[in-house]
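Engineer: Before anything else, here's the structure in question.
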Amino acid sequence: MKTKLTPSPQIAAQFLLRGEPVAFPTETVYGLGADVFDESALQKIFVAKQRPPDNPLIVHISHLSYLDLLVSSVPEFATKFIEAFWPAPLTLVMPKSKYVPLLATGGLQTVGVRMPKHELAQQFLAACGVPVAAPSANLSGRPSPTSWQAVKEDLDGRIACILKGAATEIGLESTVVDCTGKTPVLLRPGAVTLEQLQAVVPSIKLFSAGTKGSDAAKPPPSPGMKYRHYAPEARVIIIEPPFPGDAAADAAYIGLEKIFDTSLKLKKICRSLEDYAASLFEFFREADRLGAKVIYCQAVGEEGLGLALMNRLRKAVGQSESPN
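Heads up: the sequence shown at position 57 corresponds to 64 in the numbering used here, and the numbers run straight through without jumps.
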């Protein structure tokens, strides 16, 4: 299969409407989208990504009216979050409608929905005219793509079309909140922070083992929870004070402070947490390209965006907030 690169959302939408998955940019990472109601197209996503079938997809919409097709009801908590944040890098898990295939939900009776805050993504979704189910546009387990070049690196020849846009602004996947219980649960932290969510619904809880949805025998209620994710080929090591004095020449380092004086394969000192988050996954990929064996990542405080950043670092190491 030859993968077409196009800057046109209308041309990309034509591929999707013919039943072909299309990679497209959002404010978080690039997604690999298909018509949520087309099970044949959905299956192509799982094949292209080599994705486990119990890992649910997130449905992207351009207009609130699509909720009537996707969910059987909009919980009160979800309404509050929608009014406060959408369009945003925020996915809300709600009871699915009878129209949404179980293939899109990992076999669950719930579905995650979000409205991206990204002009090109909105143009693409509007041109499609259907809700678009999309995980990240990478091989499963690999660092999520924050540029069309990273999508091409993983999926060239495996998908029909890539919608070319700029590098993504946030660089981490969307915040995911389960709105189906008595209180909302933060399943995956992201750029919409726990503190921002608490300002709208103070009772929101952070997912942990023992929280609703944490049964390891069941499909994960959100992407990014059950499997090792976001991982480069190199070994990832999270470092905290006291920092090591030096590192091997085949190591790489990313963080907020200058730590190593020795020569490294690759090094990035980030200006801010936002810069750290936006740079992380592409840094992982570049370190792999340069042959780094170890990637040292500076730990950060788990407030605000730091909670999401540490979540991704632990996943890259192979740790999990839920039982595997």
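For every residue, glycine included, the Cβ atom is placed at its ideal position computed from N, Cα and C.
As the structure is a prediction and not an experimental result, all values here were calculated from the model.
1) Using 8 Å as the cut-off, can you tell me whether the region 305-317 makes contact with the region 282-291, which would need three or more C-beta pairs spanning the two stretches below that distance?
2) Using a Cβ distance threshold of 8 Å, determine whether the region 53-72 contacts the region 140-149, with at least three qualifying pairs required.
3) Give me the Cβ distance between Leu127 and Gly172, rounded to the nearest whole Å; I'm assuming they're in contact under 8 Å.
4) Indicate the three-state DSSP secondary structure (helix, strand or coil) for Pro102 in the structure shown.
5) Identify the continuous beta strand (DSSP E) that holds Arg121 and give its terminal residues.
6) Would you kindly work out how many angstroms separate the C-alpha atoms of Val120 and Tyr283, rounded to a whole number?
7) Below 8 Å on the Cβ atoms is my contact criterion, and I expect Phe131 with Val199 to pass it. Report the Cβ-Cβ distance as a whole number of Å.
8) Lys51 and Gly26 - do their beta-carbons sit closer together than 9 Å?
9) What residue does the alpha helix (DSSP H) around Thr182 start on, and which one ends it?
10) Helix, strand or coil for Arg58 per DSSP?
11) Could you tell me whether the region 240-253 touches the region 157-167, where touching means 3 or more Cβ pairs closer than 8 Å?
12) Using DSSP bridges, identify the partner residues of Val107.
13) Taking 9 Å as the threshold (C-beta atoms), are Ile89 and Leu77 in contact?
14) Quick one: Cα of Gly311 to Cα of Gly197, how far?
15) Which stretch, first to last residue, makes up the beta strand (DSSP E) that contains Asp45?
16) Kindly indicate which three-state DSSP category Gln21 falls into: helix, strand or coil?
Structural biologist: From the atom records:
1) Contact holds: three or more Cβ-Cβ distances are below 8 Å.
2) Touching, yes, given that three or more Cβ pairs across the two stretches are closer than 8 Å.
3) Rounded, the Cβ-Cβ distance is 5 Å, consistent with contact.
4) Correct three-state label for Pro102: strand.
5) Thr117 to Arg121 is the span of the beta strand (DSSP E), which, as asked, contains Arg121.
6) Each residue's alpha carbon lies about 27 Å from the other.
7) Phe131 to Val199, Cβ: 22 Å. No contact.
8) Going by C-beta atoms, Gly26 is nearer than 9 Å to Lys51.
9) Careful: Thr182 lies outside any alpha helix (DSSP H), inside the beta strand (DSSP E) at Thr182 to Asp185.
10) Residue state, collapsed to three classes: coil.
11) No contact exists between the region 240-253 and the region 157-167.
12) Per DSSP, Val107 has no beta bridge partner at all.
13) For the 9 Å CB-CB criterion, Leu77 and Ile89 do not form a contact.
14) For Gly311 and Gly197, the distance between alpha carbons rounds to 9 Å.
15) Segment: none, Asp45 is in no beta strand (DSSP E) and carries neither H nor E.
16) Taken through DSSP and simplified to helix, strand or coil, Gln21 comes out as helix.
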